[in-house]
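Quick notes on the structure that follows.
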Amino acid sequence: MVCTFKQETFREDYTYSNSNEAIKRFPFPFPEDKYMYSVNIEPHVKGKEGSVCEFAFDVDEHYVSECLDKKITLQQDPGRYQALPHMMDAQWDFLEMTMDALSQDYPQHFSLKKNGAVWTWENKPLGIKDTFTFGDSSTLEMEPFYYMGSQVQGDFVLLDQRDETLYADAGVVTSQADWSLAFNAGMSWREWHGPVPLATELGVMDRALKYLLNLQYSSPVRRLNWTMTINPRLDTSPENYPYWGGDRNTVNAENVGDLVHLRVELQTLFRLPRSNAIMFSIRCYLISLKDIATYPRWAKRLHRVQKTMHPDLIEYKGMTKFHPLVVDWLAKFDDGASLDVGTQPE
Amino acid sequence: MSMIDVKVAAVEQVTPLVKHFTFVKADGSTLPPFSGGSHVVISMDIGGRVHRNPYSLMGSPLATDAYHISVRKQEHSRGGSVFMHEHVSVGMPMKITYPVNLFALAKKAHKHILIAGGIGITPFMSQIADLERLGADYELHYAFRSAEHGAFVAQLEKICGRRLHCYIDDQGKRLDLETLLASQPLGTHVYVCGPGSMVTAVLETARNLGWPERHIHNEQFLSPPVGEPFNIQLAKSNIEIEVPADMSMLEAIEAAGVEADYLCRGGVCGRCELDVLESDGAILHNDHFLTDTEKVSCKKIMPCVSRAKGKRLLIDL
Chain A
1 MVCTFKQETF
11 REDYTYSNSN
21 EAIKRFPFPF
31 PEDKYMYSVN
41 IEPHVKGKEG
51 SVCEFAFDVD
61 EHYVSECLDK
71 KITLQQDPGR
81 YQALPHMMDA
91 QWDFLEMTMD
101 ALSQDYPQHF
111 SLKKNGAVWT
121 WENKPLGIKD
131 TFTFGDSSTL
141 EMEPFYYMGS
151 QVQGDFVLLD
161 QRDETLYADA
171 GVVTSQADWS
181 LAFNAGMSWR
191 EWHGPVPLAT
201 ELGVMDRALK
211 YLLNLQYSSP
221 VRRLNWTMTI
231 NPRLDTSPEN
241 YPYWGGDRNT
251 VNAENVGDLV
261 HLRVELQTLF
271 RLPRSNAIMF
281 SIRCYLISLK
291 DIATYPRWAK
301 RLHRVQKTMH
311 PDLIEYKGMT
321 KFHPLVVDWL
331 AKFDDGASLD
341 VGTQPE
Chain B
347 MSMIDVKVAA
357 VEQVTPLVKH
367 FTFVKADGST
377 LPPFSGGSHV
387 VISMDIGGRV
397 HRNPYSLMGS
407 PLATDAYHIS
417 VRKQEHSRGG
427 SVFMHEHVSV
437 GMPMKITYPV
447 NLFALAKKAH
457 KHILIAGGIG
467 ITPFMSQIAD
477 LERLGADYEL
487 HYAFRSAEHG
497 AFVAQLEKIC
507 GRRLHCYIDD
517 QGKRLDLETL
527 LASQPLGTHV
537 YVCGPGSMVT
547 AVLETARNLG
557 WPERHIHNEQ
567 FLSPPVGEPF
577 NIQLAKSNIE
587 IEVPADMSML
597 EAIEAAGVEA
607 DYLCRGGVCG
617 RCELDVLESD
627 GAILHNDHFL
637 TDTEKVSCKK
647 IMPCVSRAKG
657 KRLLIDL
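Next comes the structure, spelled out in structure tokens:
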């Protein structure tokens with residue numbers, strides 16, 4: 001349970017770092033020595049105490065600084081928030097779901113008092129306290145999805161379900177791995193997954209869609225996705241490519257362990273009750289290769305996964321430029337000993 | 347599958363054939379909110395055998411103190427509707443699933459035409475609450491046999507006002523689908539729930555008039571049909587099960603203690619789909635989910651409503 005929030009940055013001087021506890025609970029995504037796309041969706045049930053899946057929405061030591069970084073990005077580029085008019089019911093669903101969950105799971109930080117439709121929300125870490133009428137947008141200073149989307153770590157996309165598919169019809173997206181909300185807004189499932197190599201041929205996308213169309217309220221699901229990012233930068237958006245794209249040229253054999261970060265997305269999907277929309281949450285966790293290597297098991301596994309990675313995936317994930325340096329750097333930790341299946345650090 | 351414990355708070359005879367049931371949460375707390383057009387699946391213990399039937403939720407999705415359903419007593423019931431009519435009484439504990447919506451309103455529609463036949467009015471009862479709240483443009487066309495069979499008409503008149511159009515069969519008032527569907531503005535969606543003949547007529551008329559497929563919606567839960575008994579073999583569980591004449595394949599699998607996925611149990615949602623590894627006879631596909639090509643291939647079966655003929659049906663379960 002988090003009691004203190006760190007003051008740190010995800011841009012310019014990059015003072016972000018993980019404590020020992022944060023390293024230990026990092027959602028390492030590789031249970032086996034080889035990686036390939038699969039429909040790796042599982043029920044989003046309560047995980048072990050202290051794990052990132054203990055609660056529906058994980059609040060960790062980076063909470064305050066991440067929310068601040070999100071605020072900066074939204075101020076600089078208001079297009080990172082989009083919501084089509086027919087998504088208003090889904091917006092209120094989102095607000096209720098996040099407020100209920102945070103106030104129940106972290107009562108020392110958040111509180112929600114419901115007096116009929118008049119609700120009072122208090123967010124102590126961010127110093128927010130507001131009273132509003134549920135369902136009446138004029139009683140909040142911003143749209144309900146923007147309001148709570150700014151107070152929870154991670155990105156959120158609200159998917160409308162119609163015509164046997166899902167449409168990305170609302171989103172607050174500030175920590176994305178090189179995809180654009182402004183570009184994807186209003187697109188259907190097949191349209192926005194079009195660029196993913198190999199997965200379509202494997203039938204992964206069609207099967208995942210079929211599964212999600214039947215997603216039930218009260219039975220959310222999750223999966224992990226990953227890539228690598230240079231520096232602990234949340235906002236690796238195509239819009240801001242000039243500010244981070246070039247960083248890939250700065251990696252060398254000396255600094256690779258510090259600069260290259262494994263970027264893991266804990267993706268969760270919840271059916272929203274009133275709107276029948278689906279909330280897609282993408283929570284980003286960053287860790288440097290050096291911090292991963294504090295656990296030999298993880299270093300060995302990561303080395304094997306990267307060494308055998310399909311070239312199309314290396315290219316798609318934008319790692320081509322520095323990938324050989326990563327494999328070389330990790331090689332020294334790998335004694336070839338066999339590892340049991342599993343993602344645990346030791 | 348997670349279930350909600352409820353108890354029966356009220357039972358009311360609405361028409362000679364329809365009863366209305368009110369459920370509240372067993373622990374007194376509120377029920378989850380839902381969206382217009384949702385249904386729940388009710389578990390019934392009928393002489394030690396578990397029946398599970400889907401019923402549409404009625405009433406406003408925002409009123410979460412109670413859920414409302416209505417059940418028509420079916421002439422050829424396998425037991426579910428008769429059980430609801432004859433054995434369910436106030437105070438009785440029951441188990442229901444969380445709401446699922448397979449008949450959702452198209453939120454971007456410019457206008458909604460709702461067409462109900464008889465007990466098919468039930469999913470529209472929650473949809474009109476959503477449409478009224480959103481200030482949407484809609485018409486409700488409700489056809490029934492005779493005045494005494496017109497369930498909820500007084501309530502509908504109050505909610506819908508001039509948007510309600512009733513067609514009472516024995517008064518000679520018929521719904522002219524051709525005229526209704528030919529005169530709608532672009533961007534209109536049509537929804538139908540009722541007897542099979544009515545659903546077919548609406549689908550055909552709309553298609554013939556050139557309505558886009560995506561603007562035509564229907565909900566038609568099928569009851570698992572009674573048929574010949576047959577045997578199935580489960581590959582992973584390595585057991586053989588007999589499916590009796592009056593039980594669905596899904597029910598027989600569950601009765602054998604094997605866990606199988608399901609949602610609607612009415613041949614609509616696709617969740618219970620099973621892979622057929624081998625079969626030596628015909629598969630009687632009764633569902634609305636598989637495509638015609640899939641049905642012909644005999645590689646898949648929806649065990650909630652479909653059956654088989656033959657000695658061997660090896661299932662990947």
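Here the protein sequences come in this chain order: A and B.
Mapping the first sequence onto our numbering, position 73 (from 1) lands on 73, and the numbers just tick up by one.
Mapping the second sequence onto our numbering, position 196 (from 1) lands on 542, and the numbers just tick up by one.
The C-beta atom is built at its ideal place from N, Cα and C for all residues, glycine as well.
Short CB-CB distance (under 8 Å) between residue i and chain B
i	result
Q216/A	yes
Q344/A	no
D334/A	no
K210/A	yes
Straight-line Cα distance separating residue j from residue i
i	j	result
F10/A	C618/B	46 Å
H561/B	T534/B	7 Å
G383/B	N18/A	47 Å
V446/B	L377/B	14 Å
K129/A	K113/A	11 Å
G481/B	L181/A	29 Å
H634/B	A598/B	21 Å
F145/A	D93/A	9 Å
H385/B	I442/B	10 Å
P541/B	R491/B	12 Å
P197/A	G496/B	56 Å
P649/B	L620/B	7 Å
P345/A	F30/A	11 Å
R395/B	A601/B	8 Å
L81/A	F270/A	As written in the sequence, residue 81/A is Tyr, which differs from the Leu given in the question. Approximately 20 Å between the Cα atoms of the pair.
T468/B	L609/B	19 Å
G194/A	M36/A	17 Å
K353/B	S416/B	15 Å
Minimum Cβ-Cβ distance from residue i to chain A less than 8 Å
i	result
L660/B	no
G481/B	no
Y488/B	no
N447/B	yes
E380/B	What sits at residue 380/B in the sequence shown is Phe, not Glu. Cβ-Cβ to chain A under 8 Å: yes for F380/B.
S402/B	no
R553/B	no
S423/B	no
R560/B	yes
S529/B	no
S389/B	no
P575/B	no
S625/B	no
P407/B	yes
Own chain, CB closer than 8 Å to residue i, minus 5 neighbours either side, in chain order
i	result
V622/B	I629, C644, K645, K646, I647, L659, L660, I661, D662
K321/A	R248, N249, V251
D411/B	V370, T376, L377
Contacting residues, own chain, Cβ-Cβ under 6 Å from residue i (five flanking each side not counted)
i	result
Y167/A	D160, S188
V651/B	L568, P570, G613, N632, D633
I41/A	V221, R223
V157/A	A168, G171, F280
N123/A	F110, Q151
Interface flag, residue i vs chain D, CB-CB below 8 Å
i	result
D163/A	The structure shown contains no chain D; its protein chains are A and B.
Residue burial classification, residue i (beta-carbon count within 10 angstroms, cutoff 16)
i	result
V326/A	buried
K300/A	buried
T98/A	buried
C539/B	buried
G616/B	buried
L555/B	exposed
D351/B	exposed
C284/A	buried
Y241/A	exposed
Chain-order list of residues whose beta-carbon lies under 7 Å from that of residue i (same chain, five-residue window excluded)
i	result
E624/B	R658, L660
P575/B	E588, V589, P590, A591
Checklist line | Residues of the stretch 584-616 of chain B with Cβ closer than 8 Å to any Cβ of chain A, in chain order | finding: For chain A, the residues of the stretch 584-616 of chain B that bring a beta carbon within less than 8 Å of one of its beta carbons are L609, C615, G616, in chain order.
Next item on the list: Using a Cβ-Cβ cut-off of less than 7 Å, list which residues of the stretch 251-278 of chain A approach chain B; keep chain order.
Entry: Listed in sequence order: P273, R274, S275, N276.
Next item on the list: Identify each residue in the stretch 71-95 of chain A for which the Cβ-Cβ distance to at least one residue of chain B is less than 7 Å, and report them in chain order.
Entry: Shown in chain order are the members of the stretch 71-95 of chain A whose Cβ falls below 7 Å from a Cβ of chain B: H86.
Margin query: Counting only Cβ-Cβ distances shorter than 7 Å, please list the residues of the stretch 426-451 of chain B near chain A, keeping chain order.
Written below: Only Y444, P445, V446, N447, A450 from the stretch 426-451 of chain B bring a Cβ to less than 7 Å from some Cβ of chain A.
Item checked: Residues, ordered as in the chain, of the stretch 468-479 of chain B that lie near chain A by beta-carbon distance below 7 Å -> Of all residues in the stretch 468-479 of chain B, none has a Cβ within less than 7 Å of some Cβ in chain A.
Next item on the list: Determine which residues of the stretch 452-464 of chain B have a Cβ less than 8 Å from any Cβ of chain A, and write them out in chain order.
Entry: Within the stretch 452-464 of chain B, the residues whose Cβ lies closer than 8 Å to some Cβ of chain A are A452, K453, K454, listed in chain order.
Next item on the list: Could you run through the stretch 134-163 of chain A and flag, in chain order, every residue whose CB is less than 8 Å away from some CB of chain B?
Entry: Within the stretch 134-163 of chain A, D160, Q161, R162, D163 place their CB atoms closer than 8 Å to a CB of chain B, listed in sequence order.
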